[in-house]
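Taken in sequence, the protein lines are chains A and B.
The opening residue of the first sequence carries number 1 in this note's numbering; numbering runs sequentially from there.
The opening residue of the second sequence carries number 1001 in this note's numbering; numbering runs sequentially from there.
Glycine included, every Cβ here is placed at the ideal spot set by N, Cα and C.
Here's the structure we're looking at; comments come further down.
Protein chains: 2
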Amino acid sequence: MQNLSKNQQIIFDLIDKSAEPLKAYAILFNVQKKGIKAPLQVYRALDKLVEIGKIHKIESRNAFIACQNSSCQVSKATAFSICEICEKVTEISSASLSKYLTNFKDKDGMKYSKYNLEFFGLCKKCR
Amino acid sequence: MQNLSKNQQIIFDLIDKSAEPLKAYAILFNVQKKGIKAPLQVYRALDKLVEIGKIHKIESRNAFIACQNSSCQVSKATAFSICEICEKVTEISSASLSKYLTNFKDKDGMKYSKYNLEFFGLCKKCR
DNA sequence: TAACACTATGTAATAATATAACATTTATAA
DNA sequence: TTATAAATGTTATATTATTACATAGTGTTA
């Protein structure tokens, strides 16, 4: 595993210690004191961090969370639970789920190289 | 099933006859000749169409496609295959997949009211 | 019908999310 | 060391989506 660059490390640290997913401009606001001034600097670091699997993008929220699954080096097979009230997001690590989806073939026999699954519901607290 | 309003019908017809997912501003451009002039008019119709399950949003693409699954009245359980080259999107209707996911419970026993799954790979033509 | 609630529409302005283009610097490897 | 790739810095701009406010249509029901 390569080391992270300066900007990548700053942004990863911020996301990693956050309790909830962070949006790009929230990240920008937070790292301006560290010298990262422009959106593009944030998006470039985010792109790289997603590419190497250190963070994931929650597509339905346009937000980013740190990978909570140490074995997940690359974002090829991701599943999340999202509370529709408090917006808490948890990465699901279920061997049976990932096995099922990784092996899933559609009618045409098409096999996929990647998937992203987002579940929505109410978390314990909000129920 | 309620009838669609004028704007909803115009926008649904456009999406329904499109071979690929349409983005909101592409829709706007296409319906300007029919009197829909502002983004908000498009987004309002899209929101409603998604709500009643006539269309689905492809979250990773910020684009919309007509529901290809006649039994899918509400967008509660959606799965798509997306070609990473030609961007063709197909709605997957697999009884076993939807059964598996609808019944999926995480470690905490949390059951979900909704999910969205996006598979990525190469379609037949692009392989 | 009249009153009401609800849904949809129209319009302008603006917020939020993301990328293009170009110049420069730093890290890595041959 | 020289070449190459990766990362950075900066400005401008493109794309996606919402707020706020005014008006009009639709359906119920008293």
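Starting from the Cα of Tyr1100 of chain B, find the closest Cα among A:Asp108, A:Ala63, A:Leu40 and A:Leu117 and give me that residue.
Checking every option, the nearest Cα to that of Tyr1100 of chain B belongs to A:Leu117.
Simplified DSSP state of Glu1118 of chain B, which is helix, strand or coil:
If DSSP states are grouped into helix, strand and coil, Glu1118 of chain B belongs with the strands.
List, in order along the chain, the chain A residues whose C-beta lies closer than 7 Å to that of Gly1053 of chain B?
Near Gly1053 of chain B there are no residues of chain A at all, since even the closest Cβ is about 15 Å away, more than 7 Å.
Is the region 103-121 of chain A in contact with the region 1012-1026 of chain B, if contact means three or more CB pairs nearer than 8 Å?
Too few Cβ pairs lie closer than 8 Å, so no.
To the nearest angstrom, report how far apart Ser81 of chain A and Lys1076 of chain B are at their CA atoms.
Spanning the two alpha carbons is a distance of roughly 14 Å.
To the nearest angstrom, how far is the alpha carbon of Leu1097 of chain B from that of Cys67 of chain A?
Near 25 Å, if we compare the C-alpha coordinates of Cys67 of chain A and Leu1097 of chain B.
Distance between Asn1069 of chain B and Ala1045 of chain B (C-alpha atoms, nearest Å)
So the alpha carbons of these two residues sit roughly 20 Å apart.
Does Phe87 of chain A have its Cβ less than 9 Å from a Cβ in chain B?
First, the amino acid is wrong: residue 87 of chain A is Glu here, not Phe. With its beta carbon at least 9 Å from every one in chain B, Glu87 of chain A lies outside the interface.
Check for me: the beta strand (DSSP E) holding Ser1081 of chain B runs from which residue to which?
Residues Ala1077 to Cys1083.
So, using beta-carbon positions, are Ile1036 of chain B and Asn1007 of chain B closer together than 9 Å?
Contact: yes.
Helix, strand or coil, according to DSSP, for Ala24 of chain A in the structure here?
Of the three classes helix, strand and coil, the one that applies to Ala24 of chain A here is helix, per DSSP.
Euclidean distance between Cα positions of Gln1032 of chain B and Leu1022 of chain B:
When rounded, the distance between both Cα atoms is 15 Å.
With 9 Å as the limit, tell me which residues of the region 112-126 of chain A have their beta carbon closer than that to any beta carbon of chain B; keep them in chain order.
Of all residues in the region 112-126 of chain A, Tyr112, Ser113, Lys114, Tyr115, Asn116, Leu117, Glu118, Phe119, Phe120, Gly121, Leu122, Cys123 and Lys124 have a Cβ within less than 9 Å of some Cβ in chain B.
Beta-carbon proximity of Asn112 of chain A to Gly1121 of chain B, cut-off 9 Å
The question names Asn, yet the displayed sequence has Tyr at residue 112 of chain A. Taking the C-beta atoms as reference points, Gly1121 of chain B is found nearer than 9 Å to Tyr112 of chain A.
Do you know whose CA, among B:Phe1119, B:Ser1060, B:Leu1040 and B:Phe1064, lies nearest Leu1049 of chain B's CA?
The shortest C-alpha separation from Leu1049 of chain B is found at B:Phe1064.
Could you tell me if Tyr115 of chain A is buried or exposed, where buried requires 16 or more neighbouring beta carbons within 10 angstroms of its beta carbon?
Label assigned to Tyr115 of chain A: buried.
Give the DSSP bridge partners of Phe1064 of chain B, in chain order.
Paired residues: B:Leu1022 and B:Lys1057.
Should Glu1020 of chain B be flagged as near chain A, meaning a C-beta pair shorter than 9 Å?
Chain A contact via Cβ: absent.
Endpoints, the alpha helix (DSSP H) within which Glu1051 of chain B is located
Segment Pro1039 to Glu1051, the alpha helix (DSSP H) holding Glu1051 of chain B.
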